[in-house]
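For the first sequence, the tail end lands on 498 under numbering that gives the first Met the number 0, and the numbers increase by one without skipping.
We treat Cβ as the ideally placed atom computed from N, Cα and C, and that holds for glycine.
Report on the following structure.
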Amino acid sequence: MIRTSHRCVEFTTRRPKDAMATTPILFWFRQDLRLTDNRALAAACDTGQAVLPVYVLDDESPGAWRMGGASRWWLHHSLTALADDLAQLGCPLVLRRGAAPSVLQALITETGATALYCTRAYEPWARNAETALSDAGVEIKRFAGNLLFEPEALRTQSGTPYRVFTPFWKACQAAPPPKPPLPRPQSIVRPESIPAGESLAAWRLLPTAPDWAGGLRKGWQPGEAGAQTKAIEFLDGAVADYASMRDRPDRIGTSRLSPHLHFGEISPHQCWHAVRAKIEASPKTAGGAQSFLRELAWREFSNHLLFNWPALPEEPFQPKFTAMRWANDPDSLHAWKQGRTGIPIVDAGMRELWQTGWMHNRVRMIVASLLIKNLQIDWREGEAWFWDTLVDADLANNAASWQWVAGSGADAAPYFRIFNPVLQGRKFDPDGAYVRRFVPELGRLPDRHIHAPWEAPEAVLSEAGVMLGYDYPRPIVDLRASRQRALAAYNAMREAKET
DNA sequence: TGAAATGTTGGGGCG
DNA sequence: ACGCCCCAACATTTC
Numbered sequence: 000m001i002r003t004s005h006r007c008v009e010f011t012t013r014r015p016k017d018a019m020a021t022t023p024i025l026f027w028f029r030q031d032l033r034l035t036d037n038r039a040l041a042a043a044c045d046t047g048q049a050v051l052p053v054y055v056l057d058d059e060s061p062g063a064w065r066m067g068g069a070s071r072w073w074l075h076h077s078l079t080a081l082a083d084d085l086a087q088l089g090c091p092l093v094l095r096r097g098a099a100p101s102v103l104q105a106l107i108t109e110t111g112a113t114a115l116y117c118t119r120a121y122e123p124w125a126r127n128a129e130t131a132l133s134d135a136g137v138e139i140k141r142f143a144g145n146l147l148f149e150p151e152a153l154r155t156q157s158g159t160p161y162r163v164f165t166p167f168w169k170a171c172q173a174a175p176p177p178k179p180p181l182p183r184p185q186s187i188v189r190p191e192s193i194p195a196g197e198s199l200a201a202w203r204l205l206p207t208a209p210d211w212a213g214g215l216r217k218g219w220q221p222g223e224a225g226a227q228t229k230a231i232e233f234l235d236g237a238v239a240d241y242a243s244m245r246d247r248p249d250r251i252g253t254s255r256l257s258p259h260l261h262f263g264e265i266s267p268h269q270c271w272h273a274v275r276a277k278i279e280a281s282p283k284t285a286g287g288a289q290s291f292l293r294e295l296a297w298r299e300f301s302n303h304l305l306f307n308w309p310a311l312p313e314e315p316f317q318p319k320f321t322a323m324r325w326a327n328d329p330d331s332l333h334a335w336k337q338g339r340t341g342i343p344i345v346d347a348g349m350r351e352l353w354q355t356g357w358m359h360n361r362v363r364m365i366v367a368s369l370l371i372k373n374l375q376i377d378w379r380e381g382e383a384w385f386w387d388t389l390v391d392a393d394l395a396n397n398a399a400s401w402q403w404v405a406g407s408g409a410d411a412a413p414y415f416r417i418f419n420p421v422l423q424g425r426k427f428d429p430d431g432a433y434v435r436r437f438v439p440e441l442g443r444l445p446d447r448h449i450h451a452p453w454e455a456p457e458a459v460l461s462e463a464g465v466m467l468g469y470d471y472p473r474p475i476v477d478l479r480a481s482r483q484r485a486l487a488a489y490n491a492m493r494e495a496k497e498t
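Written out as structure tokens, the structure is:
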């Protein structure tokens, strides 16, 4: 567990009044699948009333982005871990399926619960659910917990939401520091009667035939304990050189906390304070640590954008991009998804995604640039694929990041910034170790040719046992020509908007 | 959180 | 010795 310097808060253990003993509080677990530093849960426990924890799998609410395959795999294991942790406190976890507002209202009727406690969420449908419950007369108490700074809290001088990251980041640093984490509740008063729940197995969240989750099991331990392990590994290791190494997919240069943060198995407050403590204890890590906090702030910024522009996942943030004409090219899209574009750094990334449920951030930018710019395919196609295959699939981060690469987002990369995947590969995977790991058929190519096998002499290819078009595809797109095409399309879009 | 084209500079080869 | 050219290296501009 991450050590925090603050004094442990004693939770009240006074006996509930008799009248209240039979009327539990419903605790709605959402994207806060943790017991430690869960302010909403702590507040529920602090009332002294019985607390009934519930999780609702909501594939039905209108406008909801139904959780993708990788997320469902993660959810299964995270809920298992959470249920185990709760069981140690003698507390059940009730599972229900359906549109969250109606499911929760039914549970309130069944149990006679007096109130519903939860941590805020910021997806449009999640906010709608909170409103619907409140409108239905449910006593709903919402707590901050998934963000360091609530979306309403940060405003520009003119009172508008931020659209540019740097001033947003400055505002974060000037704001009152995030609250220190809370310890986990020492006990939870168990309700006298527990309503029936569904079995996790019945939800069929795990893949069966085929079982594609082997690589996921190898790299991840969903749940609060796994999150703490990752955090400790990061603080003991990569954080020191994070500023430079975070761009190196061939190294362990990043925290890999993103799925844990998405599911709320660790709070950003825990991360923030653990990193601050690390800086105190080991000042030489300050550069890397500060750089990590800045990345945490990008997560905040994405949520800030989604909260204030709920259409962010569906519509370009910059209206002029609605005039952009995208290619209808299912073959190229398929090759991109399969990691068979013939461009090694791109294929390595797409295969890493498929095999492990995760992709290094630098490589995410490279594969996204290829899809959007070189292939001229709508960024929403990439967004949808990432949504299905990433264990850290997060509506705010995913939407904001795709729009960032597309150039249509807030404070986005200019459209004419088109990555050259060969140069990116040589710069950030200099000895090709990352490519070799995920594209083993190129493993014997020498370093200087591994990022552009189509430019290698025939003798080098045959020496490495590579026949292009057979063992490994030729590039599906000419990088130079497609770059020119992308720039032309961008100019055409701008002119279309003007006329 | 780019890349490519274009411009500038300065050292060295060479007639 | 001198001027000229070449071109790598770096800087600036453009997309």
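Under the three-state DSSP convention, the category residue i falls into
i	result
residue 501	Outside the displayed span of the chain (0 to 498) sits residue 501, for which this structure offers no information.
residue 26	strand
residue 433	helix
residue 292	helix
residue 467	strand
residue 267	helix
residue 251	coil
residue 148	coil
residue 66	coil
residue 46	coil
residue 493	helix
residue 104	helix
residue 81	helix
residue 524	In the structure as shown, the chain starts at 0 and stops at 498, and residue 524 therefore has no counterpart that could be examined.
residue 276	helix
residue 424	helix
residue 481	helix
residue 196	coil
residue 204	coil
residue 486	helix
residue 125	helix
residue 373	helix
residue 189	coil
residue 38	helix
residue 366	helix
residue 452	helix
Whole-number beta carbon distance between residue j and residue i, since they are thought to touch under 8 Å
i	j	result
residue 98	residue 122	Wrong, their Cβ atoms sit about 14 Å apart, outside the cutoff.
residue 167	residue 300	5 Å
residue 193	residue 93	7 Å
residue 361	residue 246	5 Å
residue 219	residue 56	At roughly 20 Å, the Cβ-Cβ gap does not stay under 8 Å, so residue 219 and residue 56 are not in contact.
residue 151	residue 141	Going by Cβ atoms, the distance from residue 151 to residue 141 rounds to 12 Å, so no, they are not a contact pair.
residue 343	residue 449	6 Å
For residue i, the residue or residues it bridges with in DSSP
i	result
residue 472	Bridge partners of residue 472: none, in fact.
residue 53	27, 93
residue 142	118
residue 132	For residue 132, which the question treats as bridged, DSSP gives no partner whatsoever.
Endpoints, the alpha helix (DSSP H) within which residue i is located
i	result
residue 544	Nothing in the structure corresponds to residue 544, since the chain is present only between 0 and 498.
residue 244	241-244
residue 229	223-235
residue 111	Neither: residue 111 is in no alpha helix (DSSP H) and is coded neither H nor E.
residue 217	213-218
residue 261	257-261
residue 210	Per DSSP, residue 210 belongs to no alpha helix (DSSP H) and is neither H nor E.
residue 447	446-449
residue 460	457-462
Cβ-heavy atom distance, residue i to the ligand ADP, below 7 Å
i	result
residue 323	Of ligands this structure carries none, so the ligand ADP is not represented either.
Sequence ranges, alpha helix (DSSP H) only - wholly within the stretch 294-364, length at least 4: If only complete runs of 4 or more residues are kept, the stretch 294-364 shows the alpha helix (DSSP H) at 329-337, 343-355, in order along the chain.
Segments assigned alpha helix (DSSP H), at least 4 residues, entirely inside the stretch 375-422: 378-388, 394-405
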